[in-house]
Amino acid sequence: MFKYSIGPWNVHEGADAFGPEVRETIPLERKLRKFKEMGFDAVQFHDDDAVPDMNELDAEQIKEQARGVKELLGDIGLAAEFVAPRLWMDARTIDGGFTSNSEEEREYALWRSFRSVDIAKELGCDKLVLWLAREGTLCFESKDPVRGVKRLIEAVNTILEYDEDIKILIEPKPNEPIDRSFCPTLGHVMGVSAASCDPARVGGLLESAHAILAGLDPAMEIAYATAMGKLWSVHLNDQNGMKFDQDKSFGVENLRQAFNQIKVLVENDYGKNGEYIGLDVKAMRTQRLEDSYRHAANSLRIARLLEEKARKFDYEYQRKCVSERNYEALEMYVMELLMGV
Ligand code: 3MF
Ligand code: MG
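See below:
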């Protein structure tokens, strides 16, 4: 059985690019207690989910607040999986953090990353996730694209040097909010890892929707990073084609693709080193406050049901089909398995 995680941002107020919030903000502690009740094992944090207004605090004050969150987690019975610096919200990161043209802004991005490492250690986890939201260009000619990649690698190295235990998981996404990312897919992440000063501490987090936005099958991305020994977390969700990032409930758009993501994870004993299956899902904007968790519950149920299906996959029949090269029969077997007939 897999262990599952989720982030406080997955219980969302519903604001989008064209309209304001439609649901009230639920306080962190209530969200955490609800996650536990729903069957989650761990929580994923943005740095300022754990320590709000951290820009106003010094390093010691930030650690102290993080210790309070650790106590709360202990009390509820949840682990912390990772911390991610929220590098895309500040006026200083409008044009990227690590790859900004401004030295001052690059320094701010590193400051937030160091503080995120501090928070992670206080929360008892050794994983830092970098979703490189604005590390790319809106206007191609506005940044030197070669230097951009090199700056990203330098930032990764600086964070690795800041703490000898921290592991960096890059969460690639090809676009949105930027147009062209310096690190759009897990293949690129593997390159950054190899070029870093300590490749053993740089891996990836695959988000289904992000792979689909790159025109890739998330199950193949999961397989690729697994083959490299670098799949250290996942954000399972779903996405209806190449449009805005939807963070739909896992499996609701493409059940077979969802099944194959779980199948690859099952086959490779994902979780054997303590990895969690993260669900990075958002409720539809239509939903009322009392339905703030339904999408998360649905995703968890779908993931668990697919886990069961994957565990009873008939490999003997699969081998027979493969030996006869009868892939139509194999495909129909998968469809019937998923349709429950
Ligand atoms: C954006 C995302 C983010 C990241 C999160 C942790 C809001 O497309 O997927 O979720 O997962 O910030 O890095
Ligand atoms: Mg994500």
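Mapping to my numbering: the sequence shown position 177 is 865, numbers consecutive. All residues carry an ideal CB built from backbone N, CA and C; glycine is no exception. Quantities reported herein were computed from a predicted structural model and do not represent experimental measurements.
- Taking Met-878 as the centre and dropping the five residues before and after it, the same chain places the C-beta of Met-916 closer than 6 Å to its C-beta, in chain order.
- Contact check for Gln-945 and Asp-905: beta-carbon distance about 6 Å, within the 8 Å limit, so the pair qualifies.
- DSSP places Tyr-958 outside both helix and strand once states are collapsed to three, so it counts as coil.
- Of all C-beta pairs linking the stretch 922-940 to the stretch 968-979, three or more are shorter than 8 Å, placing the two stretches in contact.
- In the same chain as Tyr-850, and ignoring 5 residues on each side of it, the C-beta atoms closer than 7 Å to its own belong to Phe-802 and Val-805, in chain order.
- If only uninterrupted beta strand (DSSP E) runs of at least 3 residues are considered, those enclosed by the stretch 794-842 are 815-819.
- Cα atoms of Leu-967 and Val-922: separation of roughly 8 Å, rounded to the nearest angstrom.
- DSSP links Tyr-692 through a beta bridge to Ile-965.
- Within the chosen limit of 7 Å, the ligand MG does not reach the beta carbon of Trp-697 with any heavy atom.
- Remark: the shortest separation between the CB of Lys-861 and any heavy atom of the ligand 3MF falls under 7 Å.
- Rounded to the nearest whole angstrom, the C-alpha separation of Asn-698 and Ala-984 is 8 Å.
- Contact between Arg-822 and Gly-785 is confirmed by a C-beta separation of about 7 Å, below the 8 Å threshold.
- Relative to the Cα of Leu-1026, the nearest Cα in the group Glu-995, Val-731 and Tyr-1015 belongs to Glu-995.
- Looking at the DSSP output, Ser-869 shares a beta bridge with Gly-824.
- Closest in C-alpha terms to Ala-991, from the list Ser-884, Val-952 and Asp-867, comes Val-952.
- Taking every protein chain shown into account, the CB of Asp-814 has fewer than 16 other CB atoms within 10 angstroms, so this residue is exposed.
- In terms of Cα proximity to Gly-892, the closest of Ile-900, Val-880 and Arg-976 is Val-880.
- The residue among Asp-979, Met-1023 and Arg-999 with its C-alpha nearest the C-alpha of Thr-713 is Asp-979.
- By the rule of a C-beta closer than 5 Å to any heavy atom of the ligand MG, the residues picked out are Glu-895, His-923 and Asp-968.
- For Trp-697, the three-state secondary structure derived from DSSP is helix.
- Contact check for Arg-774 against Asp-735 passes: the beta carbons are separated by less than 8 Å.
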